[in-house]
Amino acid sequence: MAGAALTSLGSMSALEILERGRALADRPLRTIAPERMEREREIFRRRTRRSAELHAKAGGLLAGGNEHVDPLSSPYPLFLDHGDGSEVVDVDGNTYVDCILAGGAILLGHNDRELTAAIRDLLATRTGFHGHLDEYEVLAADRICRTFPAAESVRFTASGAEANLAAARIARAYTGRKKIVKFRGHYHGWGDQFMVDLEVPGSGAFMAGGVPEEHYADTVLVHPHRIDELADVLAAGDVAAVISEPLGGESGLVPFPDDFHRQASMLAREHGALYVFDEVVSGTRAGVGGAQARLGVTPDLFTLGKGLMNGYPGCGAVAGRAEIMNTAVIGLPSGGPFAYLGGTMSGNTLSMAACLHTLGAITRPGALSAAIGVASDLVTRLNELFDASDTGFFAYHFGTIVKIEMTAPHVLDAGRPENVEPIIQRRAVLADYMVPVSNGGVLSRMGRDMVSLAHSATDNEKVVNAYARLIEFLG
Ligand SMILES: Cc1ncc(COP(=O)(O)O)c(C=O)c1O
Numbered sequence: 375m376a377g378a379a380l381t382s383l384g385s386m387s388a389l390e391i392l393e394r395g396r397a398l399a400d401r402p403l404r405t406i407a408p409e410r411m412e413r414e415r416e417i418f419r420r421r422t423r424r425s426a427e428l429h430a431k432a433g434g435l436l437a438g439g440n441e442h443v444d445p446l447s448s449p450y451p452l453f454l455d456h457g458d459g460s461e462v463v464d465v466d467g468n469t470y471v472d473c474i475l476a477g478g479a480i481l482l483g484h485n486d487r488e489l490t491a492a493i494r495d496l497l498a499t500r501t502g503f504h505g506h507l508d509e510y511e512v513l514a515a516d517r518i519c520r521t522f523p524a525a526e527s528v529r530f531t532a533s534g535a536e537a538n539l540a541a542a543r544i545a546r547a548y549t550g551r552k553k554i555v556k557f558r559g560h561y562h563g564w565g566d567q568f569m570v571d572l573e574v575p576g577s578g579a580f581m582a583g584g585v586p587e588e589h590y591a592d593t594v595l596v597h598p599h600r601i602d603e604l605a606d607v608l609a610a611g612d613v614a615a616v617i618s619e620p621l622g623g624e625s626g627l628v629p630f631p632d633d634f635h636r637q638a639s640m641l642a643r644e645h646g647a648l649y650v651f652d653e654v655v656s657g658t659r660a661g662v663g664g665a666q667a668r669l670g671v672t673p674d675l676f677t678l679g680k681g682l683m684n685g686y687p688g689c690g691a692v693a694g695r696a697e698i699m700n701t702a703v704i705g706l707p708s709g710g711p712f713a714y715l716g717g718t719m720s721g722n723t724l725s726m727a728a729c730l731h732t733l734g735a736i737t738r739p740g741a742l743s744a745a746i747g748v749a750s751d752l753v754t755r756l757n758e759l760f761d762a763s764d765t766g767f768f769a770y771h772f773g774t775i776v777k778i779e780m781t782a783p784h785v786l787d788a789g790r791p792e793n794v795e796p797i798i799q800r801r802a803v804l805a806d807y808m809v810p811v812s813n814g815g816v817l818s819r820m821g822r823d824m825v826s827l828a829h830s831a832t833d834n835e836k837v838v839n840a841y842a843r844l845i846e847f848l849g
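Going by our numbering, the sequence shown opens with residue 375, and the numbers climb by one from there.
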């Protein structure tokens, strides 16, 4: 049974995850019978009438009728009213165990009492101080430097996407080179240069609508398991940086083989390129000190976001070796390497206080490891359920990131035209699965889930019951 044994980062080896994903993709797709699916949608509609009304209104006002790609979006997204700990309550009064957690941004749980009180206190006196400094910026940067092995110096940004754009610019300014190596399937935010080959390796420009080709002409794509490909690209001597999600694309959907980063970072440095970790998710979820601490690989630069501020906005940072970070000069260029970074809301006081508090809470002895224990328990229980079914589904976790693999769309090579339709179908079936799961009282981001410090074994039981409910309906 998979679930308990730890590899260097998670509960299942990269090889096993890939093999089980391939085996899953080879099996016939398990769909929900149309009449059962319609019944589930009807149950959903009956209990979420207020969400339906608000969504009808949003359709005309919000482009696309929604702000986010995180499901549940079919039949329509839910409108939430409040959250507490591991749970959220929608506008119709339904309570859910929240395993989406704002795409991973909520780390301590919803409405963390201490954090809320600290922010409330600040609201009484503080305001926007753009252009001046507030002591919280220094305290937050200091906390980052004491938490992450690679951090000597920090610049805050307003989002993870901005942090990665900043990292690319700093790397280019520092090395005087243009090319950035990106691994296929990895997500680094929606900046033009990173909008190629997202989520499904081989998908190329599929998601790059509105992005001129020349904007990603200096982004070189490499398969995540091909150290030889990386070596060939680096040998040209024009790579400024190699960037990756250290757990693998989409926070571990296609994980790297063990030892990959050690070898890859050595290769990068041999060829004068910087090694960059996008720790926007893993930084606060892989373990204390992020994936870099767990792997024992110190990147030259790394980025943070999301969980850094437990859901407060303006959450991103780029950090790394001081000598490299110092290219982010304030003022005008004076002949040396120069990378302009800006952002009115970067480093704003409320976010800095939230960052200080959140990192303080997760670095308390035992706090994050207890949450990782809850993730491990969830994965063990889910695998017991899946192993007893004939679905081939499986679960694994990296720190507090939980993956529930059910249709494995990313396993198919998106570069082959005959796979495009099946990949789209596999995603659509996965979206269907989320309706019975939510009717079972659980919010899941297509099985790409998270637990928070507020989640417990009781929540796990509800999650397992929701998946048991789904399995009952599969054809
Ligand atoms: C690994 C990774 N990098 C960057 C980002 C972008 O962060 P943000 O949405 O804050 O711009 C995300 C967001 O999902 C992410 O998962």
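Cβ coordinates follow ideal geometry from the N, Cα and C atoms, glycine included.
| Item | Value |
| --- | --- |
| To the nearest angstrom, how far is the alpha carbon of serine 639 from that of alanine 735? | 31 Å |
| Grab me the residues of serine 830's own chain with a C-beta within less than 8 Å of its C-beta, minus the 5 sequence neighbours each way, in chain order. | Ser460, Val748 |
| Would you check if the distance between the CB atom of alanine 479 and the CB atom of alanine 691 is smaller than 8 Å? | no |
| Once the 5 residues before and after alanine 842 are set aside, which same chain residues still bring their CB inside 7 Å of it? | Leu759 |
| Under the assumption that isoleucine 778 contacts glycine 821 (Cβ atoms under 8 Å), give the Cβ distance between them as a whole number of angstroms. | 4 Å |
| Using beta-carbon positions only, say whether proline 575 and alanine 788 come within less than 8 Å of one another. | yes |
| Compute the Euclidean distance between the alpha carbons of valine 654 and glutamate 846, then round it to the nearest angstrom. | 36 Å |
| At what residues does the alpha helix (DSSP H) containing aspartate 400 begin and finish? | 388-400 |
| I need the straight-line Cα distance from phenylalanine 453 to leucine 428, nearest angstrom please. | 7 Å |
| Does at least one heavy atom of ligand 1 sit under 7 Å from the Cβ of glutamate 835? | no |
| Do you know whose CA, among Leu482, Arg551, Ala696, Arg415, lies nearest glycine 685's CA? | Leu482 |
| Measuring from the CB of serine 625, is there a heavy atom of ligand 1 at a distance below 7 Å? | yes |
| Is tyrosine 841 near ligand 1, going by C-beta to nearest heavy atom under 7 Å? | no |
| Report whether the distance from the Cβ of tyrosine 548 to the nearest heavy atom of ligand 1 is below 7 Å. | no |
| Rounded C-beta distance between phenylalanine 557 and valine 613? I'm assuming under 8 Å. | That belief does not hold up - the Cβ atoms of phenylalanine 557 and valine 613 are roughly 13 Å apart, past 8 Å. |
| Name, in chain order, the residues that DSSP records as bridge partners for alanine 693. | Val528, Phe676 |
| Can you check whether the CB of leucine 682 is closer than 8 Å to the CB of aspartate 472? | no |
| Could you give the DSSP three-state label for arginine 636: helix, strand or coil? | helix |
| Using CA coordinates, which residue listed in Arg396, Gly679, Ala840 is at the minimum distance from glycine 814? | Ala840 |
| Considering only the alpha carbon of each residue, which of Arg543, Val809, Ala828, Cys519 lies closest to proline 408? | Val809 |
| What's the C-alpha gap between serine 656 and proline 673? | 14 Å |
| Whole angstroms are fine: how far does the CA of valine 616 sit from the CA of tyrosine 548? | 14 Å |
| Where does phenylalanine 760 sit, in a helix, a strand or coil, going by DSSP? | helix |
| Please name the residue in Val785, Ala802, Met824 whose C-alpha comes closest to that of serine 750. | Met824 |
| Would you call valine 320 buried or exposed, if buried means 16 or more other Cβ atoms sit within 10 Å of its Cβ? | Shown here, the chain extends from 375 to 849; a query on residue 320 therefore has no answer. |
| With respect to the alpha helix (DSSP H) encompassing serine 618, which residues constitute its N-terminal and C-terminal limits? | It is not in any alpha helix (DSSP H) - serine 618 instead sits in the beta strand (DSSP E) that spans 613-618. |
| Comparing alpha-carbon positions, which option in Gly716, Glu697, Ser577 lies nearest glutamate 792? | Ser577 |
| What residues in its chain sit with their C-beta under 7 Å from that of methionine 581, if we drop five residues either side in the sequence? | Met569, Leu572 |
| Within the same chain, show all residues whose beta-carbon is closer than 8 Å to that of leucine 804, passing over the 5 residues directly before and after it, in chain order. | Met780, Thr781, Pro783, Met820, Gly821 |
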